[in-house]
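Presented below is the structure to which this report refers.
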Amino acid sequence: MNILVINCGSSSFKYQLIEMGGQTVLCSGLVQRIGDSMGSLTHKKAPGGEGEKKYTEERPFPDHTAGMTRVMSLLTDPELGVIGSLSEIAACGHRVVQGGEIFKQSCIVGEKELEQIAALSPLAPLHNPAHVQGLEVVMRLLPHAPSVAVFDTEFHSTMPQHAFMYALPYEIYEQQRVRRYGMHGTSHRYVAQQAARVMSRQEPGFNVITCHLGNGCSVSAVKDGKCVDTSMGMTPLAGVVMGTRCGDIDPAIHAYLGRQTGMGLEDIDSLLNRKSGMKGICGMNDMRDIHAARKKGDARAQLAFDMFCHSIRKYIGAYYAVLGRVDAIVFTAGIGENDPESRAAICKDLEAMGIVIDPAKNEKRFDNARSISPVGVKVRVLVVPTNEEIVIAGATAALLKEKMA
Ligand code: AMP
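Take 14 as the starting number for the sequence shown in my numbering and just add one per residue.
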C-alpha cells in the first residue's frame, strides 16, 4: 500500500510517497515559491538510498493545483517516477497544524471536515488555510484515494486541564477557545516512542522530556506515552527562544509597546513572530551562522545562543518537576539532531539532576537514534531523528484499514 504524505504551506509543499509494507520512502520532494513569477521543484527518488536521483526544475507554479499536478506527473514518469499509475496511491496523509478542540485524532476528510479545518484558521492563520488548499487540490486530483488529516495538536490533546488552561476569565476559554494547544505533536510522539524503543522500555511507566529544536522549537513532557505539558501555546509563538520567534515574554509587553511606540497589533504580532528570537538579538536565525559569528567574537551572537540554551534548560527543569521522575531527555529536529554544541550547552551542569552527556558520543554523527550519555546514568540523553512523515503515513494507513474492515 502506497501513501502519499503532503505537508502544505501557503506558497510551498513537501511530499513523500511511502510504501507501507516495508516502510520505504519511494520518493520525496518540495515545490516552492508557488504564485511567484518563478517557482522551483525538487524531486528525489529513494532519499538516502543507493542510486538516489535528484531532479530539479525551475518554472512558474501559478497555484497549488499547478504544483500538485506536476508532482502527480512526476510520480508516474517513466524515468523519474516510482509508480505505474496514480491508482497505486491508496490514500493521502496531510499534516494539519491546528485541530483545535474538534479533532483529537486523525480523520478522513470530507466536505464537513474541510469546513471545520478552515474554521480553525484564526488559531493558525499561516498554516490551516494552506492545508485546506492542499486538501482540496489532492481530493480533486486523486478522487479514488481518501485524504486523511493528521493534526499537530492531536498528541497534546491528552494534557490535563490545569496544564492547557491560561489563567484568564473562564469565559474566554469557553467562548473563544483560548487555551494551550501545542505544536510539533507528531514529532514529539514519534521521538518519545523511539526513545522507549532504544531503551527497550514499554511506554507505560516511561517518562521523557522531548526537545524539538529546529526553526520552530518546542519542549514536551511525556508520561506513559501521553503528553502532559508542552511549551508552545495557543500558537507556535510561545515557549522557548526560537530562530525568529520570541517565545515566552511578559504579556504586558504588547500593550506597553502599543502605548509607547504607536505600533498596531498586527505590527507587534509580526515583530514577535518574524523579527524576534535569536534574529532579534543578533540579526541571524540559522544556528550555523550564529556559531560561526560567535566564534569570531560576536558578542550578540553569543548572547542569542546563551538565551536560546537558557530558555530550554528552564523548560527541562520545569518538566522534570511536572514528571517527578525522568528516564530520558530527547533531542530532535535540525538543531537537536545536528548540533552537539547546543546539546552540550543545554545539558551543562545538570549532573545533580542525573543529566550528563558523554562529550565523545555527543560529537559523533549518526543517522539513527542513539544515546549520548555515559553508561549507567540516571537520565539517558538521546538524539532521535524525527520522522513526521512516517507517523502521518502510519496514521493514514491505520484509518484506511479501519474503514475497509
Ligand atoms: P529544521 O526546522 O528542523 O529544519 O531545523 C533548522 C535549524 O537547524 C536551523 O537553525 C539550522 O541552522 C539548524 N541546523 C541544521 N543543521 C545544523 C548543524 N549541522 N549544526 C547546527 N545547526 C544546524
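Beta carbons: idealized from backbone N, C-alpha and C, even for Gly. Nothing here was measured: the structure is a model prediction, and the numbers come from that model.
Using only CA atoms, which one of the options lies nearest to residue i?
| i | options | result |
| --- | --- | --- |
| L87 | I47, R210, S25, E70 | E70 |
| A59 | R326, L93, Q174 | L93 |
| I19 | M51, I96, G106, L39 | G106 |
| L226 | A162, K125, G256, A373 | G256 |
| S24 | M51, E32, C40 | M51 |
| G147 | G246, Q188, F26 | F26 |
| L336 | A234, D280, R108, R313 | A234 |
| R356 | P264, D371, E126 | D371 |
| P398 | V392, L127, F344 | F344 |
| V339 | N220, I16, D261 | N220 |
| Y194 | A180, E114, I121 | E114 |
| M178 | G198, G347, L127, S244 | S244 |
| I222 | V211, C230, R210, K236 | K236 |
| H175 | Q111, R202, D242 | D242 |
| V392 | V404, I368, A305 | I368 |
| I342 | D380, V253, I262, M212 | M212 |
| M320 | D261, P142, S119, L136 | D261 |
| M14 | I102, R287, M85 | I102 |
| F318 | I294, V404, K309, R190 | I294 |
| V84 | V44, A382, G97 | V44 |
| C230 | R210, Q215, G252, L99 | G252 |
Does the ligand AMP have even one heavy atom less than 8 Å from the beta-carbon of residue i?
| i | result |
| --- | --- |
| R301 | yes |
| P352 | According to the sequence as given, residue 352 is Asp; it is not Pro. Answer for D352: yes, Cβ within range of the ligand AMP. |
| I348 | yes |
| G227 | yes |
| H144 | no |
| G256 | yes |
| H304 | yes |
| N141 | no |
| S355 | yes |
| N298 | yes |
Using a 10 Å radius around the Cβ and a threshold of 16 neighbouring Cβ atoms, would you call residue i buried or exposed?
| i | result |
| --- | --- |
| M291 | buried |
| I185 | exposed |
| N400 | buried |
| M81 | buried |
| V388 | exposed |
| D352 | buried |
| A158 | buried |
| T37 | exposed |
| R192 | buried |
| E167 | buried |
| P249 | buried |
| M172 | buried |
| D362 | exposed |
| G246 | buried |
| K57 | buried |
| H144 | buried |
| H77 | buried |
| M300 | buried |
| E350 | buried |
| K67 | exposed |
| G34 | exposed |
| T274 | exposed |
| E402 | buried |
| I303 | buried |
| R272 | exposed |
| L54 | buried |
| I329 | buried |
| R258 | buried |
Would you say residue i touches the ligand MN, meaning its beta carbon is less than 8 Å from a heavy atom?
| i | result |
| --- | --- |
| Q129 | The ligand MN is not part of this structure, which contains only the ligand AMP. |
Does any C-beta atom of chain B lie closer than 9 Å to the C-beta of residue i?
| i | result |
| --- | --- |
| P138 | This model lacks chain B altogether, as it is built from one protein chain only. |
*Minimum length 3: unbroken beta strand (DSSP E) runs contained in the region 305–371*: 341–345
*What alpha helix (DSSP H) runs, 4 residues minimum, are completely inside the region 129–183?*
141–154, 174–177
*Can you give, in chain order, each stretch of the beta strand (DSSP E) that sits fully within the region 204–259 and has at least 3 residues?*
220–226, 230–236, 239–243
*Write down every uninterrupted run of the beta strand (DSSP E) in the region 22–58 whose length is 3 residues or greater and which is fully enclosed by it, in chain order.*
26–32, 37–45, 52–58
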